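Visitor:
2 protein chains.
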Amino acid sequence: MRRDAPQGTQPDAGPPPFEVEVATSISAEQLLRQYGCRATKPRIAVLDALIAHDGPIDAIALTDLAQADEPSIHEATVYRTIGVLSELGIVNHVHAGHGPSLVRLSDNSDLVAVCQDCGAIVDLPGKAIRRLISDMQRATGFILEPGHFALEGVCANCTTS
Amino acid sequence: MRRDAPQGTQPDAGPPPFEVEVATSISAEQLLRQYGCRATKPRIAVLDALIAHDGPIDAIALTDLAQADEPSIHEATVYRTIGVLSELGIVNHVHAGHGPSLVRLSDNSDLVAVCQDCGAIVDLPGKAIRRLISDMQRATGFILEPGHFALEGVCANCTTS
DNA sequence: CGTCTATTGCGAGCTGGTCGCAAGTAGTCT
DNA sequence: AGACTACTTGCGACCAGCTCGCAATAGACG
Numbered sequence: 425m426r427r428d429a430p431q432g433t434q435p436d437a438g439p440p441p442f443e444v445e446v447a448t449s450i451s452a453e454q455l456l457r458q459y460g461c462r463a464t465k466p467r468i469a470v471l472d473a474l475i476a477h478d479g480p481i482d483a484i485a486l487t488d489l490a491q492a493d494e495p496s497i498h499e500a501t502v503y504r505t506i507g508v509l510s511e512l513g514i515v516n517h518v519h520a521g522h523g524p525s526l527v528r529l530s531d532n533s534d535l536v537a538v539c540q541d542c543g544a545i546v547d548l549p550g551k552a553i554r555r556l557i558s559d560m561q562r563a564t565g566f567i568l569e570p571g572h573f574a575l576e577g578v579c580a581n582c583t584t585s
Numbered sequence: 425m426r427r428d429a430p431q432g433t434q435p436d437a438g439p440p441p442f443e444v445e446v447a448t449s450i451s452a453e454q455l456l457r458q459y460g461c462r463a464t465k466p467r468i469a470v471l472d473a474l475i476a477h478d479g480p481i482d483a484i485a486l487t488d489l490a491q492a493d494e495p496s497i498h499e500a501t502v503y504r505t506i507g508v509l510s511e512l513g514i515v516n517h518v519h520a521g522h523g524p525s526l527v528r529l530s531d532n533s534d535l536v537a538v539c540q541d542c543g544a545i546v547d548l549p550g551k552a553i554r555r556l557i558s559d560m561q562r563a564t565g566f567i568l569e570p571g572h573f574a575l576e577g578v579c580a581n582c583t584t585s
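Residue numbers (this note's numbering), protein chains in the order written: chain A, 425 to 585; chain B, 425 to 585.
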C-alpha cells in the first residue's frame with residue numbers, strides 16, 4: 425500500500441529536497457508530511473531520534489531515545505512506526521545475527537557488518553558490495569538486496585587482539 | 425547445494441577420514457565418536473536427518489525429520505544438539521532474514537541466500553564471495569565469516585515473473 | 001469547530017530459542 | 001557382566017523480539 429511517490433507532492437513551500445540524505449536539514453515532521461503520512465507526535469519523535477542517532481539502531485534503543493521527546497510512546501508504536509517508515513522507503517531494517525534487527529535511514533547505503541566477538545556494528549563501504557551484486561546476478565540470476573541483511577565476521581580490533 | 429560426497433570410505437573399519445565432507449558415507453554415529461562426543465540416539469537421529477536432508481534446514485523441520493527415527497526426541501534437545509555439533513564444527517547455523525535460523529553441514533561452504541518474495545533458499549557459489557572477503561579485509565580489516573549469515577534478495581524465478 | 005478515520009497505548013499472544021532440574025543412559029572401569 | 005559416574009535428555013517454565021486486537025485518542029480537512 426501507499427505507493428505514492430515523495431516527489432511531485434509540494435507540501436507547502438518547501439522546495440522539496442531530492443533525497444533523504446538531507447534529512448538532517450529537514451525536520452522529521454516535514455519529511456513525514458512530504459511522504460503523505462500523518463505527522464503524529466510519536467512518529468516525529470521516532471524519526472527525529474533516528475535522524476539524530478545516525479547509524480543502525482535497534483528498536484528498543486530507539487524507543488528509549490524517542491521517549492526522551494515523547495515519554496508516553498509505546499514500544500509497539502515504535503515497531504509500527506518503523507514498519508510505516510520502512511514501507512515509505514525512509515528507513516530500512518537490517519537483520520544482524522542473533523540479536524534484534526537494526527533500523528537505519530535508507531540513505532545510508534553501506535552494508536552493515538557485526539563483529540562476532542565484540543558486537544561492534546561497522547559500516548562497510550558499498551563499492552566492493554556493488555561488484556559482488558553484479559557478479560552474483562550474472563552468475564546466478566539472484567539479485568542481492570544489501571541493506572536488508574548484515575554481514576558477520578571479526579572486526580579489525582578483535583583480529584589484532 | 426550439491427556438494428556430493430566422496431564415495432568410497434569403508435563404513436565401519438573406518439581409518440578415520442580427515443574431513444567432514446565424507447559425512448554421507450560415514451555413519452552419523454561414527455562421526456560423533458570421531459569427534460569424541462557421546463553418540464546418543466537423539467544426536468544420531470539429528471545428525472542422520474541433517475545428512476540425509478542435504479541443505480539448510482531450520483530446527484523445527486529438523487526436529488520433525490529426526491522424530492521419524494526417534495519419536496520421543498524433544499525440540500530443546502535438537503537445539504542443544506545443534507549447539508554441540510556447531511561447536512565441534514560439524515554444522516553451522518545461518519541467520520536468514522526474519523525467520524528461524526538454518527542449520528547445515530559445515531562442508532557446504534557456499535553462501536546461503538533467501539528470496540524475499542518466495543522464501544526460496546538458494547546456495548550461491550563461493551567464488552565471488554571469497555573475492556569479496558579478501559577485498560573487504562584489505563579495505564576495512566573486517567574479516568567476514570560467510571556461512572554464518574544469509575544474504576537476501578530476489579531469486580531468478582521471482583525476477584522474471 | 002465538528003467529523004471521520006488513521007494512529008496510539010495497552011495488554012495479550014505468538015514464535016524462536018534457552019534454562020534448570022530430575023530422570024535416564026552412554027562410556028568406563030573392574 | 002555389573003556398578004559407577006558424568007554427560008544427556010525430556011519436560012516445562014521462561015525469555016526476547018515482535019505482532020495483534022481493541023477501545024480511546026488525536027490529526028487532517030471541510
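Just so it is clear, CB atoms sit at the ideal spot from N, CA and C, and this is done for glycine as well. These numbers come from a predicted model, not from an experiment.
1) So, for A/Glu453: in the same chain, excluding its five sequence neighbours on each side, which residues have a beta-carbon less than 7 Å away from its beta-carbon?
2) DSSP three-state call for B/Cys621: helix, strand or coil?
3) Closer than 7 Å between beta carbons: that is the criterion. Which residues of the stretch 545 to 563 of chain B meet it against chain A?
4) Against A/Val527, what residues of chain B qualify as contacts under a CB-to-CB distance less than 8 Å, listed in chain order?
5) Please report how far the alpha carbon of B/Val502 lies from the alpha carbon of A/Gly523, in whole angstroms.
6) By the criterion of Cβ-Cβ separation under 9 Å, what are the contact partners of A/Cys579 in chain B?
7) What separation, rounded to the nearest whole angstrom, lies between the Cα atoms of B/Ala476 and A/Ala580?
8) Return the residue from the list A/Leu474, A/Asp541, A/Ile553 that minimises the CA-CA distance to A/Ser530.
9) Does chain B have any CB closer than 8 Å to the CB of A/Gly521?
10) What are the boundary residues of the beta strand (DSSP E) that A/Ile545 is part of?
11) Can you look up B/Asp541 in the DSSP assignment and give me helix, strand or coil?
12) I need the straight-line Cα distance from A/Thr487 to B/Ala544, nearest angstrom please.
13) Run through chain A and tell me which residues come within less than 7 Å of B/Thr487, C-beta to C-beta.
14) Spell out whether any CB of chain B is found under 8 Å from the CB atom of A/His572.
15) Quick check: the stretch 547 to 556 of chain B against the stretch 505 to 522 of chain B, are there 3 or more CB pairs under 8 Å?
16) Can you tell me whether A/Gly565 sits near the ligand SAM, meaning its C-beta is under 7 Å from at least one heavy atom of the ligand?
Guide: So, to answer that:
1) Ala463, Ile468
2) No statement about residue 621 of chain B is possible, as the shown extent of chain B runs from 425 to 585 and does not include it.
3) Val546, Leu548, Pro549, Ala552, Leu556, Asp559, Met560, Ala563
4) None at all; the shortest Cβ gap to chain B is about 14 Å.
5) 21 Å
6) Thr564, Gly565, Phe566, Ile567
7) 38 Å
8) A/Leu474
9) yes
10) 545 to 548
11) coil
12) 33 Å
13) Result: empty, since nearest Cβ-Cβ is about 20 Å, beyond 7 Å.
14) yes
15) no
16) Inclusion of the ligand SAM in the displayed structure is not the case, the ligand content being empty and no account of it being possible.
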